[in-house]
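So the protein lines, in turn, are chains G and C. In short: position in the first sequence from 1, add 9, done, that's this note's numbering. In short: position in the second sequence from 1, add 1215, done, that's this note's numbering. Don't be surprised by glycine CBs; every beta carbon is placed ideally from N, CA and C.
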Amino acid sequence: MRKLLSIALAALAALVPMAAQTIVIENATIMTVTKGTLKGAVAMKDGKITEVGEKVMVPQGATIIDAGGEYLIPGIIDCHSHIAVDGGVNEGSVSVSSMVDIKDVINPEDISIYRALAGGVTTANILHGSANAIGGKTIVLKMRWGKDAQGLIFEGALPGIKFALGENPKRAGNPQGGRGAAAAAVSARYPATRMGVEDVIREAFNQAKAYKAEWDAYDAKVAHGEHPIPPRKDLKLEALKEVLEGKRYVHAHCYRSDEILMLLRVADDYGFKIRTLQHVLEGYKVAPEILAHGAGASTFSDWWAYKIEAIDAIPYNAALMQKKGIVVSMNSDDAELMRHLNTEAGKAMKYGGVSENDALAMVTINPAKQLGIDNRVGSIEVGKDADLVLYDKHPLSDYAKVEKVLIDGTVYFDRDKAVSEAKATAAEKQKLLDKIKQSQPRQQPARRPNG
Amino acid sequence: MLCGLVLAEGPPVTAIHNARIVTVSGPVIAKGTVVIHNGLIEAVGENVAIPAGAWVIDGEGMTVYPGLIDALSTVGIPGEAPAAAAAGRGGGRGQTTTPATTAPAATQPAAPRSMGPEDRPQTTSWVLAADEISPSDHRIETVRSGGITTTATYPTHGIFAGQGSLIDLAGDEKAGEMVVAPSLGQYISVTRTGLGGGGGFGSGFPGALMGYIAYIRQIYLDADHYKLVKDAYAKDPRGMERPQYDRALEGVIESKRILLPANRVVEMDRMLRLAVDLKQPVILYGMREAYRAEAAPVLKKYSSPVLLSLKWAEEPRDPDPEADQTLRSLLNIDQGPAAATMLKKAGVPFAFYTDGIDAPRDLNRAVKRAIDAGLSREDALRAFTLSPAEIYGVADRLGSIEKGKIANLVLTKGDIFDSNTRIDTVFVDGKPYKPAAETPPGGRGQTTEEPGEIR
């Protein structure tokens, strides 16, 4: 039994990555995204890129990875994901759930993290769901598989908050609320219309402004040497106060052009910024207004018509918004789609004729800009985090496979290792299944309650 | 009454003579005497004189152990704990506590929909188990027959369910006489079903785990603010708006520690961090994945004690043949009972709790699995006696056989956790009880004292 345990644990432990060190990746086709594409080498030390060029200094004791001419790109960044969350992504019981925080429920053992790695994703914006007009607080994670919850958090990245417009927050057809709440047993949750969604956001910020004024007055008194009793700290309004102060990014789920304009006006009225519009399928219709507000757009390539409000979409959306000057990214919103965001980016070339580099930017430097982390990640440049993906073929090709993924100069995914481990794990699982079956041969059938 | 009678009021002094004595706190006494007087251990040792007039029990071939302590239980609160009151503001303490034998929560009207933490949903933090104890709870006799003399009994319904109390399982006493320590800590859960079920869908905030955690955080922020305002008002009420009385916060403030659930390693890390943020001493309960190598470093970082459920992970009964079990769930089944060994090795203070395993036979089997997985018998016994006493700060009166401690003892023929061991007598507060005839597994089929008595 002890032996069996040690093998099983070894299989799990093998997934834990090797430690950061001095690494040089040689003989690679390096797509830096910001500084063109070149054939050469990348050197990294202590998690940071130290040199990029046709020839680099190989420090003593460096581990050398021969890329064999394969493609090296910056780690893919997903601006909209719900993986690695425990106990539900929606606190949908209330219209404003800004008191809840994804940070509290990170699940570092969600296998989706490892699978996202296998698809070249190194950073993801983990969002609350879209059940309510103002949702929960969000957090940016690095896919450091094997670390604990705190170890995944992208240190220094500004946290966000989820907003949602349209069908989801007004919950049409959902028996839990809105217009669908016909059953007497279930009380309806406001709002039931798009007008109501706007009202919820405005009302919440009315409260937040009053709350902020209360705290500002308190802070002013303290600054004058007085000792008043502080106001009650309200987690819900605290998050919105941070939005008003520019300390928390707003990521807003939206589809239709009218509601996009509505939200931008509300934000202007209350003096805060929408950092990104998520999905934003009709963004191509209101691109100048989005640009004027300064919001980024994070969209799908060719995924639409899954509901009425997502009907008037075109696959040229990303390209059109990009041409207007908006920072555009492609996101997944889905654990499976997350594993091939590279091909999603490729579709921007087919629909709208975006250049190869600009297409790749939509899953690397652009989402980095949207999340305010482009000084750290999103391109292969000296001084940036050594978050790198090695593909066997051109990364925008359907046939490209991820060979290796590095985060902070540490290898977190290695295809050859993963393939051999998968076999070992399956064998261990079978052994355990057989053992458990054997140890419980006399298990009684489940007892049924009488009557 | 059919069985398990109190033998007699008995003479004031009892002596167990010539028995093997497992003191837990000290070395085993191969042959010695324990003298019980006034519900306390008056003397213990090899050469202890038997007082004149004592009732002498011949302990030849028998072993005396300290009474077992179930570190987390609902025994003593029959039926359902009071339903969670959604609107907790206002009202005096204990005002709405339901009589102990009310109908199950399912038949009670649904609580009003909660729109946020300020509605204090699913909170009865002011409930004190000691106030809810009913000596007639039939489970008292069931678990006592397995050697459990003391339970840390908690209300378990809702998020802030209330405060637990340590009670001695003397079923014929007045409730107040059973209480050893009235206030152990606040029982907190983060799902809609506590130890004994409850709640339901559609009752509003919170719905997701992050909602529960936000709610808990807000309660402690509110409690801090409440204290500030109350103190200021007490100092000088003149010209100051009178602060509102909030029984939900009163209950939270007076709790000396909190109990938080954690089965997975991820949950242990999450809950220990939460307790640090809340600045509350914490005891984790559950601990299903404590066998994992990853658990020890997490637990050691915080030096909080933990309560280990004896309900080990099992193969699901009648499983879906198409369902794919994860490697983790298989490891949980195979390695789960090694959790105690791991905790011992890591030096994490831990105690067992029965988690609803009431029948003595099932309990023995569960402990046996931990022993088979590497835990020494001594450590298994300690996790059921002195360790829980230490965790709850009552090792000065319970948990071992020492002079001056409460006379909670188990007299057995054979080693306590062996399947063929017979428990001869259980002493609670010095009073002897004979174990009930073996009940079917799960404690079903118990007779009740009065026809129609609601369980």
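Best match in the options for proximity to residue i [C-alpha to C-alpha]
i: leucine 399 of chain G; options: G:Val65, G:Leu273, G:Lys44 and G:Ile74; result: G:Ile74
i: asparagine 351 of chain G; options: G:Tyr360, G:Gly205 and G:Asn340; result: G:Asn340
i: isoleucine 374 of chain G; options: G:Gly387, G:Ala368, G:Glu365 and G:Gly362; result: G:Gly387
i: alanine 1286 of chain C; options: C:Ala1438, C:Ile1265, C:Asp1273 and C:Tyr1369; result: C:Tyr1369
i: arginine 1503 of chain C; options: C:Val1480, C:Pro1496 and C:Met1486; result: C:Val1480
i: proline 1421 of chain C; options: C:Thr1338, C:Ile1348 and C:Ser1470; result: C:Thr1338
i: alanine 1230 of chain C; options: C:Thr1640, C:Ala1651 and C:Pro1650; result: C:Thr1640
i: isoleucine 1265 of chain C; options: C:Gln1378, C:Asn1233 and C:Leu1601; result: C:Asn1233
i: aspartate 1594 of chain C; options: C:Phe1565, C:Asn1635, C:Ile1606 and C:Ala1622; result: C:Phe1565
i: leucine 1436 of chain C; options: G:Lys64, G:Arg241, G:Pro117 and G:Ala226; result: G:Arg241
i: glycine 1589 of chain C; options: C:Asp1383, C:Tyr1517, C:Lys1560 and C:Gly1608; result: C:Lys1560
i: lysine 356 of chain G; options: G:Leu273, G:Ala261, G:Ala327 and G:Gln331; result: G:Ala327
i: glutamate 1392 of chain C; options: C:Val1643, C:Leu1578 and C:Lys1649; result: C:Val1643
i: glycine 129 of chain G; options: G:Lys402, G:His349, G:Leu244 and G:Lys432; result: G:His349
i: asparagine 177 of chain G; options: G:Ala409, G:Ala248 and G:His288; result: G:His288
i: glycine 1629 of chain C; options: C:Ile1621, C:Asn1579 and C:Leu1601; result: C:Asn1579
i: alanine 37 of chain G; options: G:Val336, G:Gly303 and G:Val65; result: G:Val65
i: glutamate 1482 of chain C; options: C:Glu1509, C:Pro1536, C:His1372 and C:Pro1458; result: C:Glu1509
i: leucine 161 of chain G; options: G:Ala93, G:Ser139 and G:Lys410; result: G:Ala93
i: alanine 201 of chain G; options: G:Val103, G:Tyr220 and G:Tyr123; result: G:Val103
i: valine 1263 of chain C; options: C:His1353, C:Gly1276 and C:Ile1236; result: C:Ile1236
i: alanine 1269 of chain C; options: C:Pro1227, C:Lys1246 and C:Gly1454; result: C:Pro1227
i: glutamate 1530 of chain C; options: G:Glu63, G:Leu441 and G:Leu286; result: G:Leu441
Within chain C, partners of residue i - CB distance below 7 angstroms
i: glycine 101 of chain G; result: Gly1422
i: aspartate 110 of chain G; result: Met1425 and Ala1429
i: threonine 46 of chain G; result: None at all; the shortest Cβ gap to chain C is about 40 angstroms.
i: glycine 96 of chain G; result: Ala1423, Leu1424 and Met1425
Beta-carbon proximity of residue i to residue j, cut-off 8 angstroms
i: phenylalanine 1375 of chain C; j: alanine 1463 of chain C; result: yes
i: threonine 31 of chain G; j: alanine 71 of chain G; result: yes
i: alanine 1477 of chain C; j: glycine 1501 of chain C; result: yes
i: glycine 292 of chain G; j: tyrosine 325 of chain G; result: no
i: aspartate 401 of chain G; j: glycine 56 of chain G; result: no
i: alanine 1429 of chain C; j: valine 109 of chain G; result: yes
i: glycine 145 of chain G; j: arginine 284 of chain G; result: no
i: leucine 1545 of chain C; j: lysine 438 of chain G; result: yes
i: alanine 166 of chain G; j: glycine 381 of chain G; result: yes
i: glutamate 345 of chain G; j: lysine 44 of chain G; result: no
i: tyrosine 264 of chain G; j: glycine 392 of chain G; result: no
i: valine 372 of chain G; j: isoleucine 85 of chain G; result: yes
i: glutamate 1261 of chain C; j: isoleucine 1272 of chain C; result: no
i: valine 67 of chain G; j: valine 33 of chain G; result: yes
Chain-ordered chain G contacts of residue i [CB-CB under 9 angstroms]
i: histidine 1440 of chain C; result: Ile238, Pro239, Pro240, Arg241 and Lys242
i: glutamine 1484 of chain C; result: One detail in the question is off: residue 1484 of chain C reads as aspartate in this sequence, not glutamine. Within 9 angstroms Cβ-Cβ: Pro117, Asp157, Ala158 and Gln159.
i: glutamine 1433 of chain C; result: Met108, Lys242, Asp243, Leu244 and Lys245
Residues that residue i contacts on chain C, provided the C-beta gap is smaller than 8 angstroms
i: glutamate 437 of chain G; result: Leu1542
i: threonine 41 of chain G; result: Near threonine 41 of chain G there are no residues of chain C at all, since even the closest Cβ is about 36 angstroms away, more than 8 angstroms.
i: leucine 442 of chain G; result: Gln1540 and Leu1545
Nearest-angstrom beta carbon gap, residue j and residue i [assumed within contact, 8 angstroms]
i: valine 1239 of chain C; j: glycine 1619 of chain C; result: So it is not a contact: roughly 15 angstroms between Cβ atoms.
i: leucine 1399 of chain C; j: alanine 1367 of chain C; result: 6 angstroms
i: glutamine 379 of chain G; j: serine 338 of chain G; result: 6 angstroms
i: phenylalanine 1632 of chain C; j: arginine 1592 of chain C; result: 7 angstroms
i: isoleucine 1355 of chain C; j: glycine 1291 of chain C; result: 6 angstroms
i: glutamate 207 of chain G; j: valine 275 of chain G; result: 6 angstroms
Interface residues of chain G facing residue i [CB-CB closer than 7 angstroms]
i: isoleucine 1548 of chain C; result: Ile445
i: proline 1332 of chain C; result: Met108
Contact with chain A by residue i, beta-carbon distance below 8 angstroms
i: alanine 1447 of chain C; result: Going by chain labels, chain A is absent from the structure shown, which instead holds the protein chains G and C.
Next on the checklist: Using a Cβ distance threshold of 8 angstroms, determine whether the segment 1566 to 1579 of chain C contacts the segment 1523 to 1532 of chain C, with at least three qualifying pairs required.
Outcome noted: yes
Checklist entry - Would the segment 227 to 243 of chain G and the segment 295 to 302 of chain G be scored as touching if the rule is three or more Cβ pairs under 8 angstroms? => result Verdict: no, contact absent.
Next on the checklist: Quick check: the segment 152 to 164 of chain G against the segment 415 to 435 of chain G, are at least 3 beta-carbon pairs closer than 8 angstroms?
Outcome noted: Yes: at least three Cβ pairs fall under 8 angstroms.
Checklist entry - Just checking, does the segment 1397 to 1406 of chain C make contact with the segment 212 to 232 of chain G on the three C-beta pairs under 8 angstroms criterion? => result no
Checklist entry - Is the segment 94 to 104 of chain G close to the segment 134 to 146 of chain G, with three or more CB pairs under 8 angstroms? => result yes
Next on the checklist: Check whether the segment 422 to 440 of chain G and the segment 112 to 121 of chain G are in contact - that is, three or more C-beta pairs closer than 8 angstroms.
Outcome noted: no
Next on the checklist: Taking 8 angstroms as the cut-off, does the segment 1593 to 1613 of chain C touch the segment 1271 to 1282 of chain C (at least 3 CB pairs, one atom from each stretch)?
Outcome noted: Result yes; three or more Cβ-Cβ pairs closer than 8 angstroms.
Checklist entry - Does the segment 1340 to 1356 of chain C touch the segment 1246 to 1257 of chain C, meaning 3 or more C-beta pairs lie closer than 8 angstroms? => result Output reads no: the segment 1340 to 1356 of chain C does not touch the segment 1246 to 1257 of chain C.
Checklist entry - Does the segment 310 to 319 of chain G touch the segment 272 to 285 of chain G, meaning 3 or more C-beta pairs lie closer than 8 angstroms? => result no
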